[in-house]
Structure formats: C-alpha cells, structure tokens
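Everything on this sheet refers to the single structure shown next.
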Amino acid sequence: MSMALSARAWTVTISSSAGRPVLTCSACPQSFVAVGADGVVQVRRHLAGHLVESRLPAYLRTCQCREKACVWHGRQGPCSGPLRLLLIRADRGLTWHLADACAACAAAIPCAATVPEPPQDAAVRHVRAPSGEAVADLTCEPVEWVEAL
Ligand SMILES: [Zn+2]
Ligand SMILES: [Zn+2]
Ligand SMILES: [Zn+2]
C-alpha cells in the first residue's frame with residue numbers, strides 16, 4: 002500500500018458477482034465481496050480504513066483532483082483555497098472516491114461532500130474473510146465517524 006503514503010486518494014468501485022456486491026479498491030491488490038452490510042456502507046468503511054492508516058501529514062497533502070488532471074469535474078480552473086477531504090459519488094453510486102481536493106475543485110465536482118478528518122485516536126481493525134484469504138474489510142473505529150462519511 003505504498004500509494005497511501007504519498008497521497009490521500011482512494012477509489013472503490015462496486016460490481017456484482019452472483020448477486021453479491023464485489024468491491025474493487027485502487028489501493029488493494031484484489032477485489033473482495035462485501036459482507037455483513039450493503040455495498041455502500043462497506044465502501045465507506047473501507048475508504049475510512051485507508052484514510053486512518055495513511056497518516057499523511059497535512060503539509061504533504063495536495064489536491065488529488067489536480068493530480069488526476071481534474072477528471073472528476075468538467076470545468077477546468079486553477080486550484081485555490083484550502084484542501085478539503087472529499088467523499089465523491091460517481092457512476093450513479095457505483096464508484097466512490099475519498100481524496101484531498103482544493104476548495105475550487107471541490108466546488109466543481111458533482112456529488113462531492115466534505116467529510117471530517119478522522120479523530121486522532123482512530124484505529125483500524127482488520128477483518129479477515131471467512132476463508133482466511135484476503136482482507137475483507139477495514140473497519141475503522143469509532144463507528145460514529147465512519148457513519149459520518
Ligand atoms: Zn482498499
Ligand atoms: Zn480539479
Ligand atoms: Zn484542485
């Protein structure tokens with residue numbers, strides 16, 4: 002997960018396999034089946050887990066929208082304003098991004114919500130799939146903060 006050390010931007014897409022939601026994450030080596038909750042809840046928890054784990058200091062954060070050539074919005078303009086932590090819903094809810102973005106980009110991105118930073122003492126609990134294979138879920142504590150995403 003070296004990507005998580007250099008920038009705060011993660012993307013999870015939801016597809017389905019045999020009627021079960023399958024999540025594919027930009028920072029994880031393999032897809033996994035969402036268990037125990039609906040797909041969108043799993044996506045939020047998963048993104049929150051990466052965020053809590055990243056610990057990227059504030060002075061190293063940059064506008065991740067600009068890093069991706071502003072593909073998340075149509076109108077192009079210079080970055081400006083303070084960075085925000087954005088949760089972005091795309092593809093009618095099948096793709097979710099959690100990323101740092103400047104105020105100007107944030108205002109231009111459709112379906113983007115500013116979300117709070119995780120509490121300093123947040124911890125990540127790794128939950129293993131019943132098969133014991135891949136990491137099935139990254140559940141962040143406290144739950145209240147995850148639900149705020
Ligand atoms: Zn992931
Ligand atoms: Zn942008
Ligand atoms: Zn920007």
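Residue numbers for the sequence shown follow my numbering, so the first one is 2 and each next one is one higher. Ideal Cβ placement from N, Cα and C applies to all residues, glycine included.
Exposed unless 16 or more other CB atoms sit within 10 angstroms - verdict on residue i
| i | result |
| --- | --- |
| Asp101 | buried |
| Arg85 | buried |
| Glu118 | exposed |
| Cys112 | exposed |
| Pro22 | buried |
| Gln77 | exposed |
| Ser7 | exposed |
| Leu139 | Confidence at Leu139 is low in this model, with a pLDDT of 39, below 50, so the placement of that residue should be treated as unreliable; the coordinate-derived value is given next. So Leu139 ends up on the buried side. |
| Ser27 | exposed |
| Leu61 | exposed |
| Trp97 | buried |
| Gln43 | buried |
| Gln65 | buried |
| Ser55 | buried |
| Gly208 | Here the chain has residues from 2 to 150 only, and residue 208 is not among them. |
| Gly75 | exposed |
| Arg93 | exposed |
Cutoff 8 Å: residue i Cβ touching any chain C Cβ
| i | result |
| --- | --- |
| Ile110 | The chain inventory of the structure shown lacks chain C, comprising one protein chain alone. |
Residue i: CB within 7 Å of a non-hydrogen atom of ligand 3
| i | result |
| --- | --- |
| Arg67 | yes |
| Ala105 | yes |
| Ala108 | no |
| Cys80 | yes |
| Ala102 | yes |
| Cys1 | Nothing about residue 1 can be read from this structure; the chain reaches only from 2 to 150. |
Assumed close pair residue i, residue j - CB separation to whole angstroms, cut-off 8 Å
| i | j | result |
| --- | --- | --- |
| Leu95 | Thr14 | 6 Å |
| Leu24 | His47 | 6 Å |
| Arg9 | Leu88 | That pair is no contact at about 12 Å. |
| Cys71 | Cys106 | 6 Å |
Any non-hydrogen atom of ligand 2 closer than 7 Å to residue i Cβ
| i | result |
| --- | --- |
| His74 | yes |
| Cys71 | yes |
Identify every run of the alpha helix (DSSP H) within the region 63 to 100, keeping only runs that are complete inside it and at least 4 residues long; order them along the chain. 65 to 68
Which residues neighbour ligand 1 when neighbourhood means a C-beta less than 5 Å away from any of its non-hydrogen atoms? List them by chain order. Cys26, Ala28 and Cys29
Unbroken stretches of the alpha helix (DSSP H), 4 residues or longer, contained in the region 6 to 51: none
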